[in-house]
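Contents: one structure, followed by commentary.
In this note's numbering, the protein residues as written are 32 to 187.
Structure (structure tokens):
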């Protein structure tokens, strides 16, 4: 229980600390070269935020899967039955999950499938967008550092 709330909290805290570092670049006394530092801090913030979003979904999927077969009235998955009308749940046979991309699907006897939670869609897209942003910002920081080094080498 502690793990499924602790990891996202640590990632969110890392994103918050990185966000403070990004905001600190607006004040006097910032480190030089400031564009490189700003890009690196923004990349760290985006990476921590991606980790927070993904780990929220990761532990939600694992929690839903671990609840299957854990006591009375736990099969098929509770996540597939709660919050749905009787017609949707009728004929429910089993569930399956995936951690990449995040999803917890409910399977009926006829082979049709429905998602247990639509929040997995925004978690997948959010984590992907934040991870790509982190990579692009890290590459931009490397390019800015190299450009500054070449500029320093050319000017006497």
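Virtual Cβ for every residue (Gly too), placed ideally from N, Cα, C.
query, result
"Find the nearest neighbour of residue 1 within the set 151, 108, 45, 37, judged by alpha-carbon distance.", "Outside the modelled stretch of the chain, which goes from 32 to 187, sits residue 1, for which no answer is possible."
"What do you reckon, are the CB atoms on residue 161 and residue 84 nearer than 8 Å?", "yes"
"Closer than 8 Å is the cut-off here; do at least three beta carbon pairs connect the stretch 36-47 with the stretch 71-80?", "yes"
"Evaluate residue 170 with the Cβ neighbour count: other Cβ atoms within 10 Å of its Cβ, from every protein chain shown; 16 or more gives buried, anything less gives exposed.", "exposed"
"Under DSSP, the alpha helix (DSSP H) around residue 69 begins and ends at which residues?", "65-97"
"Just to confirm the assignment: which complete beta strand (DSSP E) runs, minimum length 3, are found wholly within the stretch 118-174?", "123-130, 133-139, 144-146"
"Using 8 Å as the threshold, is the C-beta distance between residue 67 and residue 184 below it?", "no"
"Comparing C-alpha positions only, which one of 87, 92, 167, 94 sits nearest to residue 41?", "87"
"Among residues of its own chain, excluding the 5 on either side of residue 62, which ones have a beta-carbon nearer than 8 Å to its beta-carbon?", "68"
"Do you know offhand how far residue 166's Cα is from residue 72's?", "12 Å"
"Locate the alpha helix (DSSP H) running through residue 109, then write down its first and last residues.", "109-112"
"Quick one: is residue 127 buried, meaning 16 or more other Cβ sit within 10 Å of its Cβ, or exposed?", "exposed"
"Taking the alpha carbon of residue 143 as the point to measure from, which residue in 118, 131, 157 has its own alpha carbon closest?", "118"
"Whole angstroms is fine: what's the gap from residue 125's alpha carbon to residue 157's?", "28 Å"
"Taking the alpha carbon of residue 134 as the point to measure from, which residue in 115, 140, 163, 154 has its own alpha carbon closest?", "154"
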